[in-house]
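> Residue numbers (the working numbering): 105 to 239. Note that CB positions come from ideal geometry on N, CA and C, so glycine has one too. Everything numeric in this text was worked out from a predicted model, so none of it was measured.
In structure tokens form, the structure reads like this:
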């Protein structure tokens, strides 16, 4: 009986590609709950720093280190999210410009990404061989 369900205005189904906190249908309360539930998870690196600092009787230094780590992580996430949104808008605008230029640009961009990942892999493999050669 696949396909027997009809999606209409009375249907309460969510699209597969939509999170509960995305889109215009989500309230600010749902979004805040998602942010808080994700943010409450303790960072293992911060816990290690705090335990080490407490074992050395350096509670203030440990707390300041964890705050610095949190600020760095927050800044990185903000920058990556902003670049993601801006590049998506740019690519959408480029794709809508017509003449197939957007499609060619997207293919070249994907190829450049694949080459970058490949080069990272080659670099790590080379490093592994160099470490083995030195031992």
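1. Determine the closest residue to residue 149 out of 168, 159, 173, with distance taken between C-alpha atoms.
2. Is it right to say residue 49 is buried, meaning 16 or more other beta carbons lie within 10 angstroms of its own, or is it exposed?
3. For a test of the three-state rule: what should DSSP assign to residue 131, helix, strand or coil?
4. Which class does residue 115 belong to by DSSP, given the choice of helix, strand or coil?
5. What's the C-alpha gap between residue 194 and residue 208?
6. Which of the three DSSP states is assigned to residue 187 in this structure?
7. In angstroms, rounded to a whole number, what distance separates the CA positions of residue 175 and residue 151?
8. Specify the secondary structure class of residue 193 as computed by DSSP and reduced to three states.
9. Would you kindly check if the distance between the Cβ of residue 166 and the Cβ of residue 157 is under 8 Å?
10. Nearest-angstrom Cα distance between residue 66 and residue 180?
With the structure as the only source:
1. Selection 168, 159, 173 evaluated against residue 149 yields 173 as nearest (Cα-Cα).
2. What is shown of the chain runs 105 to 239, which leaves residue 49 out entirely.
3. Coil.
4. coil
5. 14 Å
6. helix
7. 16 Å
8. helix
9. yes
10. This structure does not reach residue 66, given that the chain is present from 105 up to 239, and the question cannot be answered.
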